[in-house]
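What follows is one structure encoded as structure tokens, with my remarks underneath.
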Amino acid sequence: QWINKEPGVTIEDVTVGEAGKPYRFIPGATTYGPADTFYMVDQGDRLYIDWSYDATNETRTFVLSYRVLGQVKLHQDVAELYYKFVGDEWDYGVQKVRITLTLPEGASESDIRAWGHGPLNGEVKIVGPRTVTWSIDKLPAQTFLEGRVTFPTTLITGEHARRTQKLALEQILAEEGKWANQANKSRLLATGGLGVAILSPILAIIWVIRSWRLGGRDYKTDFQGDYYRELPGEYSPAELAVLWRYGYPTTDDFTATILDLARRGYLRIEETESEKRGLFGSSTQTDYFLVRQPKAADDLAKHEADALEFIFETVQPARGRKADANRVSFDDIEAFAKKHASSFRSFWQGWVGLVRFEAERHQFF
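Following our numbering, the numbering of the sequence shown begins with 1 at its first residue and continues without gaps.
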């Protein structure tokens with residue numbers, strides 16, 4: 001068992017054993033010893049703990065206990081515990097993870113803030129003014145689970161805390177807010193909602209265009225300069241998003257890619273109307289389609305070509321529309337995202353990674 005340590009952090013009072021059966025520590029050992037014993041090797045940035053036991057075709061439960069000193073940071077405005085409870089180097093998954101943090105007395109529940117980082121199905125709860133819990137079922141192999149808690153500085157004496165001499169709460173809240181937004185988008189993706197997230201902005205733009213056609217007029221301004229509709233550089237909307245969003249493109253940027261491909265003539269957005277009859281009469285139903293154009297894609301960036309390929313070579317065949325090989329409706333994309341959530345998620349993760357890779361040539365950072 002490896003336990004990683006940050007600079008300034010020490011680990012003490014290590015015990016290993018089974019229920020009601022503590023193992024004997026062998027000081028100075030560097031390899032395993034007799035059954036029911038354990039040894040440790042401190043490498044500075046991590047501590048290695050190994051134990052020995054006799055077992056044949058049976059299930060055993062081991063209890064590892066230790067104290068971590070110096071993990072709490074004492075800022076000027078708040079105390080912070082930021083700890084990786086489960087690391088990402090485990091070769092096997094864990095069926096259930098339950099973590100309970102007990103704080104010293106002296107705070108109200110409203111003084112406590114807590115966050116969890118890891119798989120999206122994990123849960124963090126502030127149970128009361130002294131208790132925070134993290135839980136997750138089926139934590140995959142090589143997947144970390146960490147928690148972050150802020151609480152009043154008056155709860156600790158500071159004997160082992162690391163003093164930073166800075167105000168930190170505002171930055172902590174900003175970081176967690178950003179990560180929460182990313183997690184929410186990922187949850188939307190995991191449930192197939194990416195199709196809706198991608199298509200909604202397109203529908204909004206189409207609505208604006210239709211409204212203008214029905215009754216809008218150009219607003220006359222006094223501006224006399226040149227008006228540029230293109231990006232101020234040789235990069236796509238998605239690549240620009242890497243700069244604009246600090247390395248994290250979103251579904252809005254996939255939407256922008258589709259619209260940009262339409263602007264450049266690689267596809268067309270088509271509106272159709274059909275009459276839908278029901279028990280109480282008929283109504284007009286409006287549908288929107290992405291129609292692939294016969295323009296050569298030689299000058300497209302890889303992420304742009306992949307977007308077209310996904311729409312017309314993955315989504316379209318899945319809908320069984322052989323007669324409309326170059327025509328995919330918005331409903332088709334949304335239905336594919338819901339029915340094939342795993343495939344959609346795999347494409348999305350790969351596409352975001354590709355955008356970030358291709359954006360590196362612009363040296364934004």
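Note that the Cβ used here is the ideal one computed from N, Cα and C, for glycine as well.
Original post:
Can you list, in chain order, the stretches of the beta strand (DSSP E) that have 3 or more residues and sit fully within the region 298-346?
Top reply: 327-329
Subject >> Start-to-end residues for the beta strand (DSSP E) that takes in E123 >> reply: E123 to I126
Subject >> Helix, strand or coil at L169 according to DSSP, with G and I counted as helix >> reply: helix
**OP:** Check whether the Cβ atoms of L354 and H303 lie closer than 7 Å to each other.
**Re:** yes
Subject >> Nearest candidate by alpha-carbon position, reference K125, set K138, T143, I99 and Q142 >> reply: I99
**OP:** Locate the beta strand (DSSP E) running through L145, then write down its first and last residues.
**Re:** L145 to F151
Original post:
Cα separation between W348 and G17?
Top reply: 45 Å
Original post:
DSSP on T164, reduced to helix/strand/coil?
Top reply: coil
Original post:
Would L290 pass as a contact of V328 if the rule is Cβ separation under 7 Å?
Top reply: yes
Original post:
Using a Cβ-Cβ cut-off of 7 Å (strictly less than) and excluding sequence neighbours within five positions of T15, which residues of its own chain qualify?
Top reply: P22 and S65
**OP:** Would you check if the distance between the CB atom of V68 and the CB atom of I11 is smaller than 7 Å?
**Re:** yes
Original post:
Less than 7 Å separating the beta-carbons of A107 and P129?
Top reply: yes
**OP:** Over the uninterrupted alpha helix (DSSP H) stretch that includes V78, give me the two end residues.
**Re:** Element bounds for V78: n/a, residue is neither H nor E.
Original post:
How about G93 and L145: do their beta carbons lie closer than 7 Å?
Top reply: no
Original post:
Near T143, which residues of its chain fall below 7 Å by C-beta distance, leaving aside the five closest residues on each side in sequence?
Top reply: D88, G118 and P119
Original post:
Which residue comes first and which comes last in the beta strand (DSSP E) that contains L120?
Top reply: Unbroken run through L120: none, as it is neither H nor E.
Original post:
CA-CA distance, R180 and Y248?
Top reply: First, the amino acid is wrong: residue 180 is Ala here, not Arg. Their backbone Cα atoms lie some 13 Å apart in a straight line.
**OP:** Could you give the DSSP three-state label for E89: helix, strand or coil?
**Re:** coil
Subject >> T251 in three-state terms, based on DSSP >> reply: helix
Subject >> Inter-residue spacing [alpha-carbon to alpha-carbon] between S110 and F151 >> reply: 9 Å
Subject >> Anticipated Cβ contact below 8 Å, E80 with V72, distance rounded >> reply: 7 Å
**OP:** Spatial neighbours of V41 within its chain, please: CB distance less than 7 Å, with the 5 preceding and 5 following residues excluded, ordered by chain position.
**Re:** T30 and Y48
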